[in-house]
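> Have a look at the structure that comes next, please.
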Amino acid sequence: MIKKLLIGILCGAVILTVGILIGNYGITKSSSPEPSWFQDVAKDVDESFIEKFLAEVDNMQIQENLKELTKVPHMATSAGDEQTVQFMLERWQDPESGLDKAWREDYMVYLSFPDPKKPNKVTVVDPSDTVLHTVREKEKSYYPDQNHPDVVQPYAAYSPAGQAQGKLVFANQGKVSDYQELNKTLDLRGTIAITRYGGAGRAAKAINAAPFGVIGVLVYTDPLEMNDGLMSDANETYPHSWYLPPSGVERGSFNTHYGDMRTPYLAAKEETYRIPPEDITGLPPIPIQPIGFEDAYILICELGGEAAPSLWKGGFNCTYNLGGPGFRNTSPFNSSDVRLDIHNYEEVKKSGNVMGIIRGSVEPDRYVIYGNHRDSWVHGAIDPSSGTSVMLELTRVLGRMVKQGKWRPRRSMIFGSWGAEEFGLIGSAEYTEQYFTKLSERTIAYINVDIAVFANATLRASGMPSVQNVIFQAAKQVSAPGTSMSVYDNWIKYSNRTSPTQEVIPRIGYLTGAGSDYAPFVHYLGITSIDMSYTYDKTKTSARIYPAYHTAYDTFDYASRFIDPGFVSHQAVARTAGNILIRLADSLLVPFNCSDYSEVLNVYLKHAVNLYKTKLQAKEISMEPLEQAVANFEKAASHLEQVIRSSDLAKETPLKVRRINDQLMLLDRAFLNPLAFPDKYAFRHVIWASSSAGQPTFPGLADAFAKAELSGQPSDWAKVHYHLSVVSQAIDGAAYTLVDVI
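Heads up, the sequence shown is in our numbering, so the first residue is 104 and it goes up one at a time.
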């Protein structure tokens, strides 16, 4: 009996022990529900990694990059351009510091070149056809850089070939209003107009002139607007300072649309359908040629006729006359004409983008794109090689960390070295057209650093309002060169505004035009974008851009002596832009702020109400839908911010984080309307489209109102109503994307 009892107790103990072990094992297993991928999915940006990145960005590496990139001129499709393609591929395919993958993507694009066998000429000829003056065809050489055989003659890309001869008139900036002013007292038919850069786009100076009968146009850089009035290369301009020498000529693309002009809305691959050249719109209808201010001075100071309006006067120490038309009676050019002999030609040529990627570890199908164009007009030290040098340093640091297994971003990073930007943002536009669907559905943001450094005073940044905070956060972590302040605090000193919610903050610009490769991402795809650079102190110069822009003087010597000695401003831009790139790619929650967007929409609304409400009421057009839409957006943005604040996203299901991130990513897509601007090629974003009205408010509404007020036509007032509805419904639609699904 006792034996049986002991055996029973022993068996019970064994069973109990086994039960406890099984129970404990089961409990242990059930209390560890985290699958192997959970920590990766929940991981947020690593601040210590950002500190390591900032420490490794090297100004001397950037300097060496720039020296290599500027050895030869590298205009799009030239031999020098091909050298830079190979250089980029070599760096991005480096086994120790390269990217996961790098390749070239070629397009067949429509470009315009001067004929080297028949150089373009501008001459003054008397009635017997004797040449009295010939405009300099090549910029003056100060160093061997200007004598390189691949330095392209100054020309206006896409100017038609042809000869134009007539009396000269001064047309200020070539705006429609300038030609209208001239036309009050002069018969412009058969004349040649000389205009200065600024005020109107390059092509517009000729497009605006043609309806008045003008048959040719010259364009020059006035020393008042670029050189603070300085003109002498003996001691005032380059090579003694950063100012433009008298013979310097700003080259450029004289077209109004961006992207390849013969394949609109299609990627320009070899077999792509091309429209006939005669069907291209937005090109100069008459010959146009840029010249240096040394020749412009000779021509303008000899003009006869009435004195130009005081606002038209530039930096020449003579009277700016309008022209008789033609030269004054006492001039050695009396009775002479100006003749343009333009021999430009067009050709479809192969141009390449160089692409590279770092694959994301958690969300490889979400992209943060970083881009900069590669081609230049001549050596292009500042435009664009300062940006390329910075991009190469970012990819060197990040690529090395990936190769060493120390880091991999949450989302994929795509790097683009765009080709043929100078001819009209062609490489980036063709990329967005080829990969339209994928980029539209998967891209978080685009960062553009074209000219990284205009000068060495302060940061300048533009972008959608939602990226304001991530730019600020990055700028606070970078030291401003030559100061004891952060880039952020230094920026406030130079450019600031008062925010209703954040008091005094740096001023962020808006991406309303098509000045660089952000345009197809913003306007065509509706991708949240940033454009940034270091720039100059506007209280110390009135230069509209750095003076050697698009000239043969934009060289390594110019950049290293006058723009950024020591390359510390390049380093600051690299650190700031790279910091933003890492945060966009690595943050658990995409670091966008919808309330900042709401703030800007309210500012736009207030301005629109002040300008238009009373006059629209008189036309029985109500602004209430727009006011309600902005209020709805503000409420929806506040709701989403509250959802974010009240959620511990690291512990939420990945699907909730993904849903919120998609709401943030797709916000700008909600503002697209493909039918809103039929006359503006590839402009679909109704908040940031370009505007000619000059008002800081909704562009379609502003332009339509300005036109209607000028014409008074009922059809034009109907267009105002149309654009009011377009922007109201776009804002309302955007608001609906920020609220809960149902």
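The beta-carbon is built from N, C-alpha and C at its ideal position, and this holds for glycine as well. On a predicted model such as this, the values are computed, not experimentally measured, just so you know.
The alpha helix (DSSP H) with F216 in it runs from where to where?
Unbroken run through F216 is the beta strand (DSSP E), K204 to F216; no alpha helix (DSSP H).
> Between which two residues does the alpha helix (DSSP H) carrying N593 extend?
Counting along the chain, the unbroken alpha helix (DSSP H) around N593 starts and ends at V590 to Y597.
> Using a Cβ distance threshold of 8 Å, determine whether the segment 617-627 contacts the segment 575-587, with at least three qualifying pairs required.
no
> In whole angstroms, give me the CA-to-CA distance for P247 and Q571.
44 Å
> Output needed for Y878: all residues of its chain with C-beta closer than 6 Å, excluding positions within five of it in sequence on either side, in chain order.
Nothing can be reported for residue 878, as the shown portion of the chain is limited to 104 through 845.
> Return the Cβ separation of A680 and V493 in integer angstroms, given the expectation that the two are a contact with Cβ distance under 8 Å.
7 Å
> Give the secondary structure of K220 by DSSP, where H, G and I count as helix, E and B as strand, and everything else as coil.
Of the three classes helix, strand and coil, the one that applies to K220 here is coil, per DSSP.
> Counting C-beta neighbours from all protein chains within 10 Å, is the total for G483 16 or more, i.e. buried, or is it exposed?
buried
> In three-state DSSP terms, what is W791?
Of the three classes helix, strand and coil, the one that applies to W791 here is coil, per DSSP.
> Just curious, the alpha helix (DSSP H) that P92 is in, first and last residue?
Since the first and last residues shown for the chain are 104 and 845, residue 92 lies out of range.
> Mind reading off the beta-carbon distance from W510 to F152? Whole number of angstroms is fine, and I expect it under 8 Å.
6 Å
> In chain order, what are the residue ranges of uninterrupted beta strand (DSSP E) at least 3 long that sit wholly in the segment 494-580?
Complete beta strand (DSSP E) runs here, min 3: 514-521, 546-551 and 561-566.
> Please report the residue range of the alpha helix (DSSP H) in which A411 lies.
Taken as a continuous stretch (DSSP letters only), A411 belongs to no alpha helix (DSSP H), as it is neither H nor E.
> Short check: CB of Y707 to CB of I790, under 9 Å?
yes
> Among Y258, L770 and I611, which has the Cα closest to the Cα of S543?
L770
> Give me the Cα-Cα distance between Q798 and D440, rounded to the nearest whole angstrom.
41 Å
> Using CA coordinates, which residue listed in D209, W345 and W195 is at the minimum distance from D203?
W195
> I'd like the list of long-range same chain contacts for T638, defined as Cβ closer than 7 Å, with 5 residues on each side in sequence excluded.
F557, A558, A560, T561 and R563
> Quick check: the segment 384-391 against the segment 354-364, are there 3 or more CB pairs under 8 Å?
Result yes; three or more Cβ-Cβ pairs closer than 8 Å.
> Take Q166 and list the residues in its own chain whose beta-carbon comes closer than 6 Å to its own, dropping the five residues that flank it on each side.
F670
> Taking the DSSP output, what are the residues bridged to E449?
S215
> With DSSP as the reference, identify every bridge partner of E466, one or two as the case may be.
R514
> Where do the ends of the beta strand (DSSP E) carrying A179 lie?
Looking at the DSSP string, A179 is not in any beta strand (DSSP E), and its letter there is neither H nor E.
> Nearest-angstrom Cα distance between H343 and M334?
12 Å
> Quick check on DSSP: helix, strand or coil for N358?
coil
> Any idea which residues DSSP pairs L775 with across the strands?
H788
> Any idea what DSSP makes of S602, helix, strand or coil?
Strand.
> Compute the Euclidean distance between the alpha carbons of P222 and G265, then round it to the nearest angstrom.
Distance from the CA atom of P222 to the CA atom of G265, rounded to whole angstroms, is 12 Å.
> For M458, does the three-state DSSP call read helix, strand or coil?
strand
> Buried or exposed for N168, please, with buried defined as at least 16 other CB atoms from any protein chain shown within 10 angstroms of its CB.
Classification for N168: buried.
> Which of the three DSSP states, helix, strand or coil, is assigned to I125?
Residue confidence for I125 is low, a pLDDT of 47 falling below 50, so the modelled location carries little weight; the figure read from the coordinates is stated next. Of the three classes helix, strand and coil, the one that applies to I125 here is helix, per DSSP.
> Nearest to W594 by alpha carbon, out of I630, V676 and F526?
Nearest C-alpha to W594: V676.
> Leaving out the 5 sequence neighbours to the left and right, which residues in its chain are closer than 6 Å to S698 when beta-carbon positions are compared?
A740 and E744
> Jot down the residue ranges of each uninterrupted alpha helix (DSSP H) in the segment 235-296, minimum 4 residues, whole runs only, in chain order.
Fully enclosed alpha helix (DSSP H) runs of no fewer than 4 residues occupy 279-286 of the segment 235-296, in order along the chain.
> If you draw a straight line from the alpha carbon of T173 to that of A785, how long is it in whole angstroms?
33 Å
> Going by DSSP, which residues form a beta bridge with D634?
N551 and S565
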